[in-house]
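To keep things clear, I will list the structure first and then write my remarks on it.
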Amino acid sequence: MDHPPVPPDWWRHLFDETYLRTDARSVQDAELTRREVDEVIHTLDLGREEFILDLCGGQGRHALEMARRGYGRVLVLDFSLPLLSWGRAQAQGAGRPVAFVRGDARSLPFGGASFHAVLCLANSFGYGATRGDDLRILEEACRLLQPGGRLYLEVADPGYVRQHLPQQSWHEAPGDLVVCRRRWLTPEHLICREMVLSRQDGLVRDCAYQVRLYEPQDLEAHLKDAGFARVAAMRERAAETQPGERGALSRRLTVAAWKE
26 MDHPPVPPDW
36 WRHLFDETYL
46 RTDARSVQDA
56 ELTRREVDEV
66 IHTLDLGREE
76 FILDLCGGQG
86 RHALEMARRG
96 YGRVLVLDFS
106 LPLLSWGRAQ
116 AQGAGRPVAF
126 VRGDARSLPF
136 GGASFHAVLC
146 LANSFGYGAT
156 RGDDLRILEE
166 ACRLLQPGGR
176 LYLEVADPGY
186 VRQHLPQQSW
196 HEAPGDLVVC
206 RRRWLTPEHL
216 ICREMVLSRQ
226 DGLVRDCAYQ
236 VRLYEPQDLE
246 AHLKDAGFAR
256 VAAMRERAAE
266 TQPGERGALS
276 RRLTVAAWKE
């Protein structure tokens, strides 16, 4: 069976209130978020006074956790209005000093050397229609960093995806939703068709999306092309807190890079 066509700008429409339910076992898991933030803080040796950009940060789950720990200068940028609105409401309700800004990661609305650290977490990279789109995101991250600034990037582990990710899966999501996924692999992409069904109301969503898979050496080359002077990559299993397969989030390649 051939894979379905994937719109080049699929990411403009997927990340909404339904996404917060279909992926709740990862993106609404407070303990998982705490463990992920532990790793970021340790790897980058982040200070509480540093200005941090949570790039493609969605509803800001990592930024909100950092603010809870006393990091007072954290900004979330994402394209999704529903996720930004949800995160902003959470920040205001909890009195957390997190700013939420809408924008396209390929052309960021900030001046150069504005941040000490840029985070791009939870497999939020590789969505570009071309490798050039992905490269522009890394170039923008490098532009925004002060000299000595750091980038922390998480992508799907291509080895895990190609060897272990099941072709089909389904799981129950909060409310009455059932999420069914069918996956295809090409030399460059993981492609997924996602059907979301409500037990009461029937079909909620039927969409296709794709993520470009980066081998460690390709990602390192991309980062150096973007202007980063030093890159350290490692394979790391996601810090699971519940049983079950998590799709491309099940195992990630985490990368830290430094600007001169």
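In my numbering, each residue carries its 1-based index in the sequence shown increased by 25. Idealized CB from N, CA, C, for every residue including glycine.
- Here the C-alpha atom of Leu133 lies approximately 26 angstroms from the C-alpha atom of Thr43.
- Judged by DSSP in its simplified three-state form, Tyr234 adopts strand.
- Our two residues, Leu102 and Asp201, have alpha carbons roughly 31 angstroms apart in a direct line.
- The C-alpha of Gln235 lies about 31 angstroms from the C-alpha of Ser139.
- A Cβ-Cβ distance of about 7 angstroms is found for the pair Arg131 and Glu165, placing them in contact under the 8 angstroms criterion.
- Sequence-distant Cβ neighbours of Arg93 in its own chain, meaning closer than 7 angstroms and more than five residues away, are Arg121.
- Inclusion of Ile216 and His28 in the CB contact set at 8 angstroms is warranted, their separation being smaller than that value.
- Val221 carries a strand assignment under DSSP once its states are collapsed to helix, strand and coil.
- In the three-state DSSP reduction, Gln53 falls in the coil class, being neither helix nor strand.
- With the rule of 3 Cβ pairs closer than 8 angstroms, the stretch 43-52 does not count as touching the stretch 249-256.
- Judged by their CB atoms, Glu90 and Arg113 are not nearer to each other than the 8 angstroms cut-off.
- Residues Ala88, Val101, Leu102, Asp103 of the same chain have their beta carbon placed closer than 7 angstroms to that of Gly82, with the five preceding and five following residues left out of the count.
- Distance from Gly95 to His141 at the Cβ level is roughly 15 angstroms; contact not present, criterion being Cβ atoms closer than 8 angstroms.
- The Cβ atoms of Gly72 and Asp79 lie no closer than 8 angstroms to each other.
- With contacts defined by Cβ atoms closer than 8 angstroms, Phe125 and Leu169 do not form a contacting pair.
- The three-state secondary structure of Ser139, taken from DSSP, is coil.
- The three-state reading of DSSP puts Cys205 in strand, counting E and B together.
- Counting along the chain, the unbroken alpha helix (DSSP H) around Val186 starts and ends at 183-189.
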